[in-house]
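Numbering (the working numbering), first residue to last: 353 to 744.
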């Protein structure tokens, strides 16, 4: 099993102390750290391929896992450090050399309020059935939002929650619900095997860490149609893009049945992206599509291009577009006009909506605040592995 080495311990502590989201380790450059979306080197020491290799082989610690990494060229695993947090590590290869990205995952599962997420997500998490997708680009907080939803259900309702993840990120305690978490590659051989077995494990709620292929998408819809609440993440920029990604998983001859099933199974799509607060930190802007009778009819007929307009005109509780949420954030003083326009799906429509509301839309000088990326002194004191012989 992977272990926390002295090098990783110092990196983990630095991430925790500076509220960093990621560490990047690659040959030919210093180790880099990401704080509030800004990437900067921790020092001027350029890492050699042998040093990166030694960091990873000491952390992986298992000959079998190392061989799996060498053969498959990818390895995901998680490590934890007491009083610091959990860390998700993706080890990969680039230019025939090992490399890794470390993602910090807090042990404390934040509330919707702390995350700045709309309370309607809590209501969704308590549902009896249906498919809820949380979508966004890499690093947009999808996993954290899903964890908040699962923890809310766990704290509120009795039942059985089953998660399938690669790797496990947040650890859930048994509260009102029993929570079983399966790590792909450790607790189960594959996503497919785990999802085939899920029905026999009698879950009320299933969390699928990420939908990456047709088989997983089919399983998510099937479980939603058979009376389960299914929460899952998907890489997509907004709700419309998410729907198109779902469609593109399926061959043309299967899409008629897909539209019919999806119109019934889908409960909501929550899209989010992180935007820069005026004080420098990042906060979520959220788009929510709730499957109403009108939306279901559009999905069933395959009229996906009409959904965005229906969302903009919708008066249904909880429904909002990205641009509408950006207007809210700007009017509340949370973000600058520059940031609102930069993040908008339609900058022209956003400015028009602000002008109709009597809001000044002239961009002021000064720009967006620069994030604080001062680095702790211990980052320059890390002793990297010597260039002794390594595994093959």
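Heads up, the beta-carbon is just placed ideally off N, CA and C, and yes, glycines get one too.
ask   = In angstroms, rounded to a whole number, what distance separates the CA positions of residue 467 and residue 496?
value = 9 angstroms
query = Which class does residue 535 belong to by DSSP, given the choice of helix, strand or coil?
reply = strand
query = Quick one, which of 394, 679, 613 has its alpha-carbon nearest residue 654's?
reply = 613
request  = Would you give the residue range spanned by the alpha helix (DSSP H) that residue 548 belongs to?
outcome  = 543-550
ask   = For the region 521-533 against the region 435-442, are there 3 or more C-beta pairs whose distance is under 8 angstroms?
value = yes
task = Check whether the Cβ of residue 475 sits closer than 7 angstroms to any heavy atom of the ligand SAH, and report yes or no.
result = Judged by which ligands are present, the structure shown has none, so any question about the ligand SAH falls away.
request  = Report the residue ranges of all alpha helix (DSSP H) runs contained in full by the region 563-609; include only those spanning at least 4 residues, in chain order.
outcome  = Complete alpha helix (DSSP H) runs here, min 4: 566-577, 591-601.
ask   = Around the Cβ of residue 739, are there at least 16 other Cβ atoms within 10 angstroms (buried) or fewer (exposed)?
value = Reliability fails at residue 739, whose pLDDT of 45 lies under 50, so the model's placement of it is uncertain and no value is given.
key: Helix, strand or coil at residue 513 [DSSP, three-state]   = strand
query = Once you ignore the five residues that flank residue 617 on each side, which residues in its own chain have a CB closer than 6 angstroms to its CB?
reply = Contacts found: 483, 573, 576, 577.
query = So, using beta-carbon positions, are residue 558 and residue 526 closer together than 8 angstroms?
reply = no
ask   = Are there 16 or more other CB atoms within 10 angstroms of the CB of residue 425, so buried, or fewer, so exposed?
value = Residue 425 sits exposed, since fewer than 16 C-beta atoms from the chains shown fall within 10 Å of its C-beta.
task = Rounded to whole angstroms, what's the CA-CA distance from residue 471 to residue 678? Just pull it up for me.
result = 17 angstroms
message = Looking at the secondary structure, which residues open and close the beta strand (DSSP E) in which residue 440 lies?
response = 437-446
query = How big is the Cα-Cα spacing for residue 460 and residue 514?
reply = 20 angstroms
query = Comparing alpha-carbon positions, which option in 690, 602, 565 lies nearest residue 584?
reply = 565
task = State the Cα-Cα distance for the pair residue 638 and residue 416, rounded to the nearest angstrom.
result = 42 angstroms
query = Which class does residue 521 belong to by DSSP, given the choice of helix, strand or coil?
reply = coil
query = Roughly how many angstroms separate the alpha carbons of residue 402 and residue 408, rounded to a whole number?
reply = Cα to Cα, residue 402 sits roughly 10 angstroms from residue 408.
key: Separation of residue 697 from residue 590, as counted between CA atoms   = 9 angstroms
message = Measuring straight from C-alpha to C-alpha, what distance separates residue 702 and residue 489?
response = 21 angstroms
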